[in-house]
Amino acid sequence: EGEGAAAGGGAAEAAAPAEAAEFAVRPKVIFVLGGPGAGKGTQCEKIVKEYGFVHLSAGDLLRAERKSGSADGELIESYIKEGNIVPVEITVRLLEKAMLASGASKFLVDGFPRNEDNLLGWERLMGGKSDVEFVLFYDVDDSTREERLLGRSLTSGRSDDNIETIRKRFKVFRDEVRQRRQR
Ligand code: C5P
Ligand code: MG
Numbered sequence: 069e070g071e072g073a074a075a076g077g078g079a080a081e082a083a084a085p086a087e088a089a090e091f092a093v094r095p096k097v098i099f100v101l102g103g104p105g106a107g108k109g110t111q112c113e114k115i116v117k118e119y120g121f122v123h124l125s126a127g128d129l130l131r132a133e134r135k136s137g138s139a140d141g142e143l144i145e146s147y148i149k150e151g152n153i154v155p156v157e158i159t160v161r162l163l164e165k166a167m168l169a170s171g172a173s174k175f176l177v178d179g180f181p182r183n184e185d186n187l188l189g190w191e192r193l194m195g196g197k198s199d200v201e202f203v204l205f206y207d208v209d210d211s212t213r214e215e216r217l218l219g220r221s222l223t224s225g226r227s228d229d230n231i232e233t234i235r236k237r238f239k240v241f242r243d244e245v246r247q248r249r250q251r
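For the sequence shown, the positions run 69 to 251 when the numbering used here is used.
Below, the structure written as structure tokens:
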């Protein structure tokens with residue numbers, strides 16, 4: 069993470085390596101989806117070991133941004149605590165920043181897109197400069213996912229791994245993620 073890729077100008081800059089402003093190679097992206105607790109992160113780690121993608125979890129990036137104490141931090145927490153989906157401009161900005169910082173060109177984007185706002189925002193902001201190859205969808209029933217999340221809650225320290233927020237996240241998943249576009 070964070071290796072100063074030689075994507076930019078090439079002039080020797082003595083200061084900290086500047087983050088590349090654009091991609092040297094057009095990135096390929098696989099979206100990894102599934103309900104809360106489906107095991108997206110777990111499976112991504114295995115795929116990374118075998119196939120050398122860079123794994124970016126939208127949820128992890130949002131939690132890191134929240135922790136950083138940035139202006140968006142409180143807003144992000146208010147969404148996460150209620151299991152709601154953060155406005156896409158924030159999430160895509162974090163994803164793009166992490167993609168650029170990695171210097172890589174093959175990404176597993178885990179937990180994104182989560183709703184139509186996410187999808188349209190990606191198309192608008194990233195569609196012109198990246199290719200989505202396909203979507204991996206882990207289809208796991210509610211009771212198994214609930215059990216996994218409650219198990220994880222013992223050690224995760226996550227403000228959304230409690231039964232009230234888990235139920236809200238399941239509802240958001242049913243209403244927003246799985247909902248078909250009806251047009
Ligand atoms: O994927 P994960 O379970 O880590 O996501 C945790 C929370 O982060 C979600 O319930 C949601 O509040 C937020 N999130 C989001 N937009 C995304 C991914 C996650 O708002 N695309
Ligand atoms: Mg995850």
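Idealized CB from N, CA, C, for every residue including glycine.
Just verifying my parser: in three-state terms, what is the DSSP assignment at residue i?
i, result
"F121", "coil"
"E201", "strand"
"V116", "helix"
"F241", "helix"
"G105", "coil"
"I148", "helix"
"I231", "helix"
"K236", "helix"
Taking just the CA atoms, how far does residue j sit from residue i?
i, j, result
"G189", "F238", "23 Å"
"G76", "S138", "The pLDDT assigned to G76 is 43, lower than 50, so where the model puts this residue is not dependable; a value taken from the coordinates is nonetheless given after this. Roughly 27 Å between the two C-alpha positions."
"S170", "L101", "22 Å"
"R216", "K197", "36 Å"
"I234", "L204", "22 Å"
"P155", "G105", "22 Å"
"K114", "F175", "14 Å"
"E142", "A172", "30 Å"
"F241", "F91", "32 Å"
"I160", "T223", "Residue identity differs from the one stated: residue 160 is Val in this sequence, not Ile. Near 28 Å, if we compare the C-alpha coordinates of T223 and V160."
"S211", "G103", "11 Å"
"S125", "A166", "10 Å"
"R192", "D140", "21 Å"
"Q247", "E184", "9 Å"
"E118", "S227", "32 Å"
"G107", "R134", "23 Å"
"S221", "E214", "10 Å"
"L218", "G225", "11 Å"
"V200", "N230", "33 Å"
"D207", "L168", "30 Å"
Which stretch, first to last residue, makes up the alpha helix (DSSP H) that contains residue i?
i, result
"D210", "D210 to S224"
"V156", "V156 to S170"
"E133", "A126 to K135"
"E191", "E184 to L193"
Let's see if you can read the secondary structure: which residues bound the beta strand (DSSP E) around residue i?
i, result
"D178", "K174 to D178"
Margin query: Check whether the stretch 139–153 and the stretch 90–102 touch, using three or more Cβ-Cβ pairs below 8 Å as the test.
Written below: No, because fewer than three Cβ pairs between the stretch 139–153 and the stretch 90–102 fall closer than 8 Å, the two stretches do not touch.
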